[in-house]
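Single-structure report; data block below.
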Amino acid sequence: MNNKNSHSSSLDHGVTRRKFIGTAAGGSAALLTGGLASLLKPTASAAGFDFVEATIPQLQAAMASGALTSAGLTMGYIKRIQSLNPTLHAVIEVNPNAVAIATALDNERRAGNVRGPLHGIPLLVKDNIATKDNMQTTAGSLAIYGSQVPADAPLIQKLRAAGAIILGKANLGEWANFRDDEAETYPLAVGWSARGGSTNNAYDLSYTSWGSSSGSGAGAAANLCAAAVGTETDGSITGPSAVEN
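Plus 1206 on top of the position in the sequence shown (first one is 1) and you've got the numbering used here.
Have a look at this one:
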């Protein structure tokens, strides 16, 4: 998921997405914790580069010119996660090695080795996608917390080979929405997991992010990553994409 198709993508009545993020703190003051309001601003920067709403090609251009490093960008996203996620519940876990991986990829770039368009780009991946690293893969469940996967999922292997940074694991409807039969009575159950809680909508904290790829949708919408990976069976990507756009 990448909701950054344009810096001027709009909500109804001509309110741009960037302006909405900048003004949401006032409109939802009763719902926000103190730390969130200060970060819901139109811009945020890494080494002086405004990465909020930047597309992957724009991020690549900034890194190619030296205006931005992957390590700086990764730290910028981690800062947003630390400040916004306690309210959004979009991210279950941050990769403790993300900055070190980004630094290594910066060194590759300086040596003239750019693997491709995802080189140095931080991504969130849904927590039902196996990553054999220092993060858990639990599908949002406490039942298998602490277990170890034998290998990266093929998708993750390809992303790492392409130079992408697995920034963290996104929240989801637990077990990819095992509670979906409760959706009509309990709408928030669709994006709920025991590990991550209920994922809130980045545009309206009182509304669901839908699911089951709830954290992937909210994480991309709130600029907690450059893009996010979800999984689709029957609305698990299209639902969050619709309500987080």
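Built from N, CA and C at the ideal position, the CB exists for glycine as well.
query	result
Helix, strand or coil, according to DSSP, for residue 1398 in the structure here?	strand
Can you give me the C-alpha to C-alpha distance between residue 1287 and residue 1317, rounded to a whole angstrom?	30 Å
Which residues bound the alpha helix (DSSP H) around residue 1357?	Careful: residue 1357 lies outside any alpha helix (DSSP H) and carries neither H nor E.
With a CB to CB cut of under 8 Å and the five nearest residues on each side skipped, what residues in its chain are close to residue 1236?	The predicted model places residue 1236 with a pLDDT of 30, which falls under 50 and marks its position as unreliable; any figure quoted below should be read in that light. Excluding sequence neighbours, residue 1236 sits near nothing in its chain.
Starting from residue 1370, trace the beta strand (DSSP E) in both directions and tell me its first and last residue.	Residue 1370 -> no beta strand (DSSP E), and no H or E assigned at all.
How many angstroms separate the CA atom of residue 1370 from the CA atom of residue 1267?	16 Å
Determine whether the Cβ of residue 1289 lies closer than 8 Å to any Cβ atom of chain B.	Protein chains in the displayed structure number just one, and chain B is not present.
Please give me, in chain order, every unbroken run of the beta strand (DSSP E) with length at least 3 that falls completely inside the stretch 1411 to 1442.	1433 to 1435
Does residue 1327 come out as helix, strand or coil in the three-state DSSP assignment?	coil
Out of 1325, 1329, 1358 and 1346, point me to the one whose CA is closest to residue 1340's CA.	1358
Taking residue 1297 as part of the beta strand (DSSP E), name the residues at either end of that continuous run.	1297 to 1300
Report the residue from 1417, 1376, 1432 and 1430 whose alpha carbon sits nearest the alpha carbon of residue 1505.	Because residue 1505 is not part of the residues shown, which for the chain are 1207 to 1451, the question remains open.
If you check the beta carbons only, do residue 1345 and residue 1398 fall under 8 Å apart?	no
Who are the near neighbours of residue 1425 in its chain, counting only those whose CB is closer than 7 Å to its CB and skipping five residues on each side?	1296, 1297, 1330, 1376, 1431 and 1434
Tell me where the alpha helix (DSSP H) around residue 1280 begins and ends.	1276 to 1294
Flag this pair as yes or no: are the beta carbons of residue 1326 and residue 1311 separated by less than 8 Å?	yes
Roughly how many angstroms lie between the CA atoms of residue 1305 and residue 1407, to the nearest whole one?	27 Å
Considering only residues of the same chain and omitting the five flanking positions on each side of residue 1444, which have a CB-CB separation below 8 Å?	1438
When DSSP labels each residue in this structure, what does residue 1306 get in the three-state scheme?	helix
Could you round the C-beta distance between residue 1419 and residue 1436 to whole angstroms and report it? I think they count as a contact, below 8 Å.	3 Å
Among 1277, 1270 and 1367, which one has its Cα closest to the Cα of residue 1307?	1277
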